[in-house]
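Participant: Start counting the sequence shown at 1; every next residue gets the next number (full-length UniProt numbering). Note that beta-carbon positions come from the ideal geometry of N, C-alpha and C, so glycine has one too. First, the structure itself, so that you have it in front of you.
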Amino acid sequence: MFQPSLSDLGQRLVDTTFVVVDLETTGGSPERDRITEIGAVKVRQGELLGELSTLVDPGVSVPRAITALTGISNASVNGRPPVSAVLPSFVEFARGCTLVAHNARFDVGFLNAALERLDYPRLDHPVVCTAQLARRVVGDETRNHKLSSLAVHFRSSTVPVHRALADARATVDVLHGLLERAGSYGVVTLDDLIEFSKVRNMPVFTSRRKMADDLPDTPGVYRFVSASGEVLYVGKATDLRARVRQYFGTDRRRRIAELVKEAKRVDHTVTPTAVEAEVREAREIRQHRPRFNKRGKRVRTPVWVKVTREAYPRLSIVRSPGSDGAVVLGPLPSRRVADLVVAAIHDAIPIRRCTTKMVADTRFAACALAEMGRCVAPCIGRVDVEGYAEVTSAAEQVLSGDVEPALRVLRDRMSARAEQSRYEEAADYRDRMDAIVSWVTRTRRDQALRAAGTLAVSRPARTPSRREVLVARAGWLVGTVVVAPEDVDRAVAELAARPSPNEVPPPEEVAIIGSWVHGPDARLEHSDAPYGWPVASGATLEAEAVALAARRRRAGRPEAALADKRRTRTSTATAAPTG
1 MFQPSLSDLG QRLVDTTFVV VDLETTGGSP ERDRITEIGA VKVRQGELLG
51 ELSTLVDPGV SVPRAITALT GISNASVNGR PPVSAVLPSF VEFARGCTLV
101 AHNARFDVGF LNAALERLDY PRLDHPVVCT AQLARRVVGD ETRNHKLSSL
151 AVHFRSSTVP VHRALADARA TVDVLHGLLE RAGSYGVVTL DDLIEFSKVR
201 NMPVFTSRRK MADDLPDTPG VYRFVSASGE VLYVGKATDL RARVRQYFGT
251 DRRRRIAELV KEAKRVDHTV TPTAVEAEVR EAREIRQHRP RFNKRGKRVR
301 TPVWVKVTRE AYPRLSIVRS PGSDGAVVLG PLPSRRVADL VVAAIHDAIP
351 IRRCTTKMVA DTRFAACALA EMGRCVAPCI GRVDVEGYAE VTSAAEQVLS
401 GDVEPALRVL RDRMSARAEQ SRYEEAADYR DRMDAIVSWV TRTRRDQALR
451 AAGTLAVSRP ARTPSRREVL VARAGWLVGT VVVAPEDVDR AVAELAARPS
501 PNEVPPPEEV AIIGSWVHGP DARLEHSDAP YGWPVASGAT LEAEAVALAA
551 RRRRAGRPEA ALADKRRTRT STATAAPTG
């Protein structure tokens, strides 16, 4: 389970728009030399929002050494716009965004020097340097922290060639790789990222590093414990020693420093598998509510999306599913997720949105949605109870798992907005598609898991010729073990003999188990009841297509290059285990 930032403040990285910029210049001095090319790429949540690229007439001669390095010559820049014409476009392009550059001091220094010569104010944007961040995150995994080395390390789809746009695109790939790595340190806000990049070594980290020396290199749960015995922080790891050492290595954020200073020891529990460590971590966070764990400190009240029971039903977000037999979707983790699901259904199905109580003969003035054809308008008698039942049935089918009709509408609207360059609206439709596919699929999967009784599933272990075996009961993890293939049946019997709680399992634990059970090469070994989950065919593949499209936009890979990969995945995908 991903551990969010220990900081409670700051703009989340998922809400941050980055403008990645790269310059080519006539030399290395912002005062003496000039800009010859600007390349910038705007991204948010891995999605490409726009690009800016232009050669610039520097007003001075381009040295031969620079031409040899970049291919930019005097002839290349002759007749190109001067920097006075280019900078206003760049400033507008980057307005309200966080700037990113590799060796940011160089690029931002040249930009500010050019702005000052034109009597413009200096850039006041937050700045992230990927070179500085790489020194913290990558360390000695690469020979050096040059853009070319990091592009290879993170398998960038663009090769940096000392040209501004190509290097900016490569830096985007490096940035995304670094952000993914930084996430393992709990970096989820922009403040986290900037602080994480800049802070220096502290003596307390070196003196406390020995606390990790005796930890095993196996999966498990670790706890930072104070002198009084208070559990300060709980985490999970696939390699306990390596994970805990990270707290005394490159992680230098203020809250981490406070944690390390206050901790007197690190306790641990070894688990047979990483999935059991993840479940135990979630349980212990609920039990101890550690001060330094953000996740789990505040108990979120789950919500459900429900089709109301009335003459003309509507969608309602409720805190309890009730027992009136209505079709519901949930539990969902937050009102925000529920709002996205409801918005997706409203986009696709003309079910009424007003909250006025209505009986069969209720009549009142039509709203704007009725005039736009977005509601079948029972309020003005446009449809009777029997006709409206078809609309209700369509919404219930989506909540029950048949998401394809809604997806078709959302997909068409997303594509239309993108073709019109209305990217923010297209992104809204994408988010709704993702929400409805992800949460309809997940909730139906989790319901099937709870209804299966005792369920045993095995998957290949990391160790060759071994299998991980997991046994769950009514959504609770009973236990896991790693055994030889011929010992799977015995392991299932031994694990199934263990007791489990009789209460309703927490949604987080069910989700962890469900994700593992439907992982690669999973094999159903036992199920008390027939096991399957009623999501219409194509929903899971649609979710994969959405994720693949997002990755394509993030990496800049051409659609054609991914077509074969998508076909291969589709043809080799294994069906969910069924009983």
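#1: Mind reading off the beta-carbon distance from residue 62 to residue 26? Whole number of angstroms is fine, and I expect it under 8 Å.
#2: In whole angstroms, give me the CA-to-CA distance for residue 211 and residue 220.
#3: If contacts are defined as beta-carbon pairs under 8 Å, then residue 312 and residue 352 qualify, I think. What distance do you get, rounded to the angstrom?
#4: Please list the terminal residues of the continuous alpha helix (DSSP H) segment that includes residue 377.
#5: Just verifying my parser: in three-state terms, what is the DSSP assignment at residue 481?
#6: Between 305, 112 and 451, which lies nearest to residue 530 when the distance is taken from Cα to Cα?
#7: Whole angstroms are fine: how far does the CA of residue 314 sit from the CA of residue 386?
#8: Who pairs with residue 307 in a beta bridge, going by DSSP?
#9: Quick check on DSSP: helix, strand or coil for residue 553?
#10: Can you find a heavy atom of the ligand COA that lies under 8 Å from the Cβ of residue 287?
#11: For the candidate residues 162, 179, 222 and 132, whose alpha-carbon lies nearest to that of residue 154?
#12: Does the count of Cβ pairs from the region 379-395 and the region 423-438 closer than 8 Å reach three?
#13: Throw me the rounded Cβ distance for the residue 164 and residue 73 pair, which I believe falls under 8 Å.
#14: By Cβ distance below 6 Å, which residues in the same chain neighbour residue 18 in space, the five residues on each side in sequence not counted?
#15: I'd like the ranges of any beta strand (DSSP E) spanning at least 3 consecutive residues and lying wholly in the region 493-519.
#16: Report the CB separation of residue 51 from residue 60 in whole angstroms; it is logged as a contact under 8 Å.
#17: Report the option in 487, 378, 248 and 228 whose CA atom is closest to the CA atom of residue 357.
#18: So is residue 350 buried or exposed if we call it buried at 16+ other beta carbons inside 10 Å?
#19: Checking 9 Å against the spacing of the C-beta atoms, do residue 273 and residue 484 come in under that value?
#20: Skipping 5 residues on each side, what residues in its chain have a beta carbon closer than 8 Å to that of residue 12?
#21: Would you mind sorting residue 632 into buried or exposed? The rule is 16 or more other CB atoms within 10 Å of its CB.
#22: Distance, Cα to Cα, residue 445 vs residue 439?
#23: Just checking, does the region 408-420 make contact with the region 321-339 on the three C-beta pairs under 8 Å criterion?
#24: Could you pull out every residue in the same chain whose Cβ sits closer than 7 Å to the Cβ of residue 226, ignoring the five residues on either side in sequence?
#25: Round the Cβ separation of residue 151 and residue 159 to the nearest angstrom and send it over; I've been treating them as touching at under 8 Å.
#26: Give the single residue among 492, 282 and 14 whose Cα lies nearest to the Cα of residue 193.
Facilitator: In terms of the structure at hand:
#1: By 1-based counting over the sequence shown, the position of residue 62 is 62. By 1-based counting over the sequence shown, the position of residue 26 is 26. Their Cβ separation, rounded to whole angstroms, is 6 Å, which keeps residue 62 and residue 26 in contact under 8 Å.
#2: Along the sequence shown, one-based indexing puts residue 211 at 211. Along the sequence shown, one-based indexing puts residue 220 at 220. Roughly 16 Å separates the two Cα atoms.
#3: Position 312 of the sequence shown, counted from the first residue, corresponds to residue 312. Position 352 of the sequence shown, counted from the first residue, corresponds to residue 352. So it is a contact: roughly 6 Å between Cβ atoms.
#4: Taking the first residue of the sequence shown as 1, we reach residue 377 at position 377. Residue 377 -> no alpha helix (DSSP H), and no H or E assigned at all.
#5: By 1-based counting over the sequence shown, the position of residue 481 is 481. Strand at residue 481.
#6: In the sequence shown, counting from the first residue as 1, residue 530 sits at position 530. Nearest option by C-alpha distance: 451.
#7: The sequence position of residue 386 within the sequence shown is 386, counting from 1. The sequence position of residue 314 within the sequence shown is 314, counting from 1. Answer to the nearest angstrom: the Cα atoms are 15 Å apart.
#8: Looking up residue 307 in the sequence shown gives position 307. For residue 307, which the question treats as bridged, DSSP gives the partners 315.
#9: Here residue 553 refers to the residue found at position 553 when the sequence shown is read from its first residue. Confidence is the limiting factor: at residue 553 the pLDDT is only 46, short of 50, which leaves the residue's position unreliable and the question unanswerable from this model.
#10: Among the components modelled here there is no ligand, and therefore nothing to report on the ligand COA.
#11: The sequence position of residue 154 within the sequence shown is 154, counting from 1. Looking at the Cα atoms, 179 is the closest of the given residues.
#12: no
#13: Against the sequence shown, residue 164 aligns to sequence position 164. Against the sequence shown, residue 73 aligns to sequence position 73. Between residue 73 and residue 164 the Cβ distance is about 15 Å, and since that is not below 8 Å, they are no contact.
#14: To locate residue 18, count along the sequence shown from 1; it is residue 18. The residues are 43, 98 and 100.
#15: none
#16: Counting from one through the sequence shown, the residue named residue 51 turns up at place 51. Counting from one through the sequence shown, the residue named residue 60 turns up at place 60. Residue 51 to residue 60, Cβ: 27 Å. No contact.
#17: Taking the first residue of the sequence shown as position 1, residue 357 is located at position 357. The residue with the shortest Cα to Cα distance from residue 357 is 378.
#18: Here residue 350 corresponds to residue number 350 of the sequence shown, with the count starting at 1. When all chains shown are included, residue 350 counts as buried.
#19: Residue 273 sits at position 273 when you count from the first residue of the sequence shown. Residue 484 sits at position 484 when you count from the first residue of the sequence shown. Cβ distance not < 9 Å, so residue 273 and residue 484 don't count as in contact.
#20: On the sequence shown, residue 12 is found 12 positions in, with the first residue counted as 1. Answer for residue 12: 188, 189 and 190, listed in chain order.
#21: Here the chain has residues from 1 to 579 only, and residue 632 is not among them.
#22: Taking the sequence shown and counting its residues from 1, the one referred to as residue 445 is at position 445. Taking the sequence shown and counting its residues from 1, the one referred to as residue 439 is at position 439. Straight-line Cα distance between these residues: approximately 9 Å.
#23: no
#24: Within the sequence shown, numbered from 1, the residue matching residue 226 stands at position 226. Cβ neighbours of residue 226 beyond the five flanking positions: 232, 262, 263 and 264.
#25: Within the sequence shown, residue 151 is the residue found at index 151, counting from 1. Within the sequence shown, residue 159 is the residue found at index 159, counting from 1. With 8 Å as the limit, residue 151 and residue 159 qualify as a contact, their Cβ atoms being about 7 Å apart.
#26: Walking along the sequence shown from the start, residue 193 turns up at place 193. Taking only the C-alpha atoms, the option nearest residue 193 is 14.
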